[in-house]
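**Q**
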């Protein structure tokens, strides 16, 4: 992903004289000739390879989504394609893009995306998006869910979120929270549940800014362009994060989108780049999976 962003920055550097209108004809020709190989690189081994890794990573986890996948075409490749196109669409509005990125990564990149008030109603909504925490708190008093969410969202003096490991240790040592010792096997397990709980809260707040349908280009032979609701895609991404390999792929996807957006190619060229990259990436992922049994 770092290489992709570097290539995108290089393309922008080459194109700067064209954007400013200060280049003569030889300068225009030289800039185009320098940029084209990099664009080909993005659509050659680099971009399809990144997409292929993401498709292969979320493939096994996507089988657990069930009804959440309804309406998303082409399975894992459709999820990746939809998330990428959704992110590129959100780049038109920086605030919406930050919300998209925070929802995808389930991390607070903007403090305005933290819930302004934590009460019982919010805790129950977040609990529905947090399978691990929901399971551990089954049968508990509602106040426990609310108090744990407040703890999960605690901030340090510098404005950064507190480490969930530190929060878990504090809660574990508190006599007021002695019930947790019978619900969690260890402080490490509690920390993982708090991380999930915090991420679900950020997702819920960020997703309020994300609505509408995202167009997904044809990704398989004979397929047609389709559209899917962005909230459906984002909820699927949140569920995929329970798988560490899928979560890592989603993290990388956010930076791929930033790199692609920095190219300023225009909607049609960008869609064509993503479409071909995904198609080649799907083939690479399929080839890799077919080779695994022989290894």
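Numbering (the numbering used here), first residue to last: 592 to 886.
A virtual CB, placed ideally from N, CA and C, is assigned to each residue, including glycine.
Small disclaimer: the values here were computed from a predicted structure and weren't measured.
#1: Go through its chain and collect everything with a Cβ distance to residue 680's Cβ below 7 Å, but skip five positions before and after it.
#2: Should residue 888 be labelled buried (16 or more other beta-carbon atoms within 10 Å of its own) or exposed?
#3: Which same chain residues end up closer than 6 Å to residue 723 when comparing Cβ atoms and leaving out the 5 residues on each side of it in sequence?
#4: Residue 727: buried (16+ other C-beta within 10 angstroms of its C-beta) or exposed?
#5: Closer than 7 Å by C-beta to residue 856: which residues in its own chain qualify, once you throw out the five before and the five after it? Chain order, please.
#6: Using DSSP with H/G/I as helix, E/B as strand and the rest coil, what is residue 820?
#7: Are at least three pairs of beta-carbons, each pair with one atom in the region 825 to 836 and one in the region 794 to 814, less than 8 Å apart?
#8: Take residue 648 and list the residues in its own chain whose beta-carbon comes closer than 6 Å to its own, dropping the five residues that flank it on each side.
#9: From what residue to what residue does the beta strand (DSSP E) around residue 683 run?
#10: Rounded to a whole number of angstroms, what is the C-alpha to C-alpha distance between residue 666 and residue 653?
#11: Just the Cα atoms here: how many angstroms apart are residue 771 and residue 740?
#12: Go ahead and pull the three-state DSSP assignment for residue 752.
#13: Using the three-state DSSP reduction, which class does residue 692 fall into: helix, strand or coil?
#14: Keeping to the same chain, check which residues put their C-beta closer than 7 Å to that of residue 766; ignore five residues upstream and five downstream.
#15: At what residues does the alpha helix (DSSP H) containing residue 783 begin and finish?
#16: Decide if residue 860 is buried, meaning its Cβ has at least 16 other Cβ atoms within 10 Å, or exposed.
#17: Please report how far the alpha carbon of residue 799 lies from the alpha carbon of residue 850, in whole angstroms.
#18: State buried or exposed for residue 873, treating a residue as buried only when at least 16 other CB atoms are found within 10 Å of its CB.
#19: Among 710, 721, 682, which residue has its Cα nearest to the Cα of residue 697?
#20: So residue 778 and residue 759 are in contact, right, with Cβ under 8 Å, and what is the actual spacing, rounded?
#21: How is residue 687 classed by DSSP in three states: helix, strand or coil?
#22: Could you give the distance in angstroms between the alpha-carbon of residue 848 and the alpha-carbon of residue 704?
#23: Would you kindly work out how many angstroms separate the C-alpha atoms of residue 789 and residue 718, rounded to a whole number?
#24: Under a Cβ-count criterion, where at least 16 other Cβ atoms within 10 Å of its own Cβ denotes burial, should residue 876 be classed as buried or exposed?
#25: Buried or exposed: residue 692, going by 16 or more other Cβ atoms within 10 Å of its Cβ?
#26: Count the other C-beta atoms from every protein chain shown that fall within 10 angstroms of the C-beta of residue 685, then say buried if there are 16 or more, exposed otherwise.
#27: For a quick check, are the C-beta atoms of residue 887 and residue 869 less than 8 Å apart?
#28: Whole-angstrom Cβ separation of residue 706 and residue 752, contact assumed at under 8 Å?
**A** Working from what's here:
#1: Sequence index remark: in the chain shown, residue 680 carries index 89 (1-based). Only 805 meet the Cβ criterion.
#2: Outside the displayed range of the chain (592 to 886) lies residue 888, so it cannot be described from this structure.
#3: Reading the chain shown from its first residue, position 132 is the one you call residue 723. Same-chain partners within the cutoff: 784, 787.
#4: Translated into the one-based positions of the chain shown, residue 727 becomes position 136. Buried.
#5: Your numbering for residue 856 matches position 265 in the chain shown. For residue 856, where only same-chain residues beyond five positions count, the Cβ hits under 7 Å are 864.
#6: As a first step, residue 820 must be located in the chain shown, where it is residue number 229. Here residue 820 sits in strand by DSSP.
#7: yes
#8: Translated into the one-based positions of the chain shown, residue 648 becomes position 57. These residues qualify, in order along the chain: 836, 837, 840.
#9: To locate residue 683, count along the chain shown from 1; it is residue 92. Where residue 683 is concerned, there is no enclosing beta strand (DSSP E), given that its DSSP letter is neither H nor E.
#10: Walking along the chain shown from the start, residue 666 turns up at place 75. Walking along the chain shown from the start, residue 653 turns up at place 62. If you take the alpha carbons of residue 666 and residue 653, they lie about 8 Å apart.
#11: Within the chain shown, the letter at position 180 stands for residue 771. Within the chain shown, the letter at position 149 stands for residue 740. Roughly 14 Å separates the two Cα atoms.
#12: Taking the first residue of the chain shown as 1, we reach residue 752 at position 161. Correct three-state label for residue 752: strand.
#13: By 1-based counting over the chain shown, the position of residue 692 is 101. In the structure shown, residue 692 sits in a helix (DSSP, three-state: H, G or I).
#14: Walking along the chain shown from the start, residue 766 turns up at place 175. Answer for residue 766: no residue qualifies.
#15: Position 192 of the chain shown, counting from 1, holds the residue named residue 783. That run of the alpha helix (DSSP H) goes 778 to 797.
#16: Mapped onto the chain shown, residue 860 falls at position 269. Per the 10 Å Cβ criterion, exposed.
#17: As a position in the chain shown, residue 799 is number 208, starting the count at 1. As a position in the chain shown, residue 850 is number 259, starting the count at 1. Spanning the two alpha carbons is a distance of roughly 25 Å.
#18: The residue given as residue 873 occupies position 282 in the chain shown. Label assigned to residue 873: buried.
#19: As a working note, residue 697 is residue 106 in the chain shown. Of the listed residues, the one whose Cα sits closest to residue 697 is 721.
#20: Reading the chain shown from its first residue, position 187 is the one you call residue 778. Reading the chain shown from its first residue, position 168 is the one you call residue 759. Indeed they touch by this definition, with Cβ atoms about 5 Å apart.
#21: Position 96 of the chain shown, counted from the first residue, corresponds to residue 687. Helix at residue 687.
#22: The count along the chain shown starts at 1 and reaches residue 848 at position 257. The count along the chain shown starts at 1 and reaches residue 704 at position 113. Whole-angstrom Cα-Cα distance: 20 Å.
#23: Taking the first residue of the chain shown as 1, we reach residue 789 at position 198. Taking the first residue of the chain shown as 1, we reach residue 718 at position 127. Answer to the nearest angstrom: the Cα atoms are 10 Å apart.
#24: To locate residue 876, count along the chain shown from 1; it is residue 285. When all chains shown are included, residue 876 counts as buried.
#25: Mapped onto the chain shown, residue 692 falls at position 101. With 16 or more other Cβ atoms within 10 Å, it is buried.
#26: Numbered from 1 along the chain shown, position 94 holds the residue referred to as residue 685. Classification for residue 685: exposed.
#27: Examination of residue 887 is not possible in this model, given that the chain is present from 592 through 886 alone.
#28: Position 115 of the chain shown, counted from the start, is the residue given in the question as residue 706. Position 161 of the chain shown, counted from the start, is the residue given in the question as residue 752. With 8 Å as the limit, residue 706 and residue 752 do not qualify as a contact, their Cβ atoms being about 13 Å apart.
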